[in-house]
Amino acid sequence: MNSQAILRIGGSIIIYTLLQVFILRNLVFFDVAFCFVYISVILFLPSSVPTSTALIIAFVTGIMVDMFYNTAGLHASAALIVAYIRGFILKVLFPSRGLENEIVISIEGMGMERFIRYIVIMTFLHHTYLFFVEAGTFTFFINTTLKILASVMFSSIVIFLLHVYLKSLRNS
């Protein structure tokens, strides 16, 4: 990874964390749908980034969110799961290409259907872990499942729209 890529990733961590903490933290629908866009840092890493590097980036991003949310590692552990499973999900979505050929994680590089599927799957994994660990029990299974599904829809839509918006800014 060259210095330009490191600066871009560092900038992404800061921007997405600030967006999450100062704007999206308070954007909750009916106390059910929560938006966590900070995972975009992990989702949009180049596919050539090794898992070990992705894990470090995920930990730093998650722990920064944890500091503001006062959640003692909950977001860091959820982000680590996303970073660890990311390579496997990309292999499942692109079985013929493998990761030796870099997959550009964007609408243009993946196609609309695979791109949306990738975002939804990764967001679902993140939110499932996050909300079940936060609940700490299966007593509130239905409520937790409702939170997961509503939050996955909300987060996925916001992540998708942010990606489209940021792409249009870069192209103009």
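Residue numbers for the sequence shown follow the working numbering, so the first one is 4 and each next one is one higher.
We treat Cβ as the ideally placed atom computed from N, Cα and C, and that holds for glycine.
Review point. Can you list, in chain order, the residues of its chain whose CB lies under 6 Å from that of Leu30, leaving out five sequence neighbours each side?
Key: Here residue 30 is taken as the residue at index 27 of the sequence shown, counted from 1. Hits under 6 Å: Cys38.
Bridge partners of Phe32, per DSSP?
-> For the purposes of this step, residue 32 is taken as the residue at position 29 of the sequence shown. Answer is Ala36, bridged to Phe32.
Review point. Taking all protein chains shown into account, do 16 or more other C-beta atoms lie within 10 angstroms of the C-beta of Ile9, making it buried, or fewer, making it exposed?
Key: The sequence position of residue 9 within the sequence shown is 6, counting from 1. So Ile9 counts as exposed.
- [ ] Would you check if the segment 69-78 and the segment 124-138 touch, i.e. whether three or more CB-CB distances between them fall below 8 Å?
- [x] yes
Q. When we look at the beta-carbon of Gly114 and count the other beta-carbons within 10 Å, is it buried (16 or more) or exposed?
A. Taking the first residue of the sequence shown as 1, we reach residue 114 at position 111. By the 10 Å Cβ count, Gly114 comes out exposed.
**Item:** Segment limits, alpha helix (DSSP H) that includes Ala153
**Value:** Working through the sequence shown from its first residue, we reach residue 153 at position 150. Unbroken alpha helix (DSSP H) run through Ala153: Phe144 to Asn174.
Self-check item: Cβ neighbour criterion (16 or more within 10 Å) applied to Phe157
Solution: Counted from its first residue, the sequence shown places residue 157 at position 154. So Phe157 ends up on the buried side.
My understanding is that Ile42 touches His166, with C-beta atoms under 8 Å, so please give their C-beta distance in whole angstroms. Working through the sequence shown from its first residue, we reach residue 42 at position 39. Working through the sequence shown from its first residue, we reach residue 166 at position 163. So it is not a contact: roughly 12 Å between Cβ atoms.
Local Cβ density within 10 Å of Arg89, reported as buried at 16 or more and exposed below that: In the sequence shown, counting from the first residue as 1, residue 89 sits at position 86. Label assigned to Arg89: buried.
Measuring alpha carbon to alpha carbon, tell me which residue in Met70, Thr20 and Leu149 is nearest Ile32. Reading the sequence shown from its first residue, position 29 is the one you call residue 32. It is worth fixing the name first, because residue 32 is Phe in this sequence and not Ile. Ranking Met70, Thr20 and Leu149 by Cα distance to Phe32 puts Leu149 first.
Where Leu102 and Tyr132 are concerned, what is the direct C-alpha to C-alpha distance, given to the nearest angstrom?
For the purposes of this step, residue 102 is identified with residue 99 of the sequence shown, where counting begins at 1. For the purposes of this step, residue 132 is identified with residue 129 of the sequence shown, where counting begins at 1. Summary for Leu102: the model assigns pLDDT 49, below 50, so the residue's position carries little reliability; its value from the coordinates is reported in the next sentence. Whole-angstrom Cα-Cα distance: 26 Å.
Task: Classification of Val95 by the beta-carbon crowding that lies within 10 angstroms, buried from 16 upward - done: Translated into the one-based positions of the sequence shown, residue 95 becomes position 92. That one is exposed.
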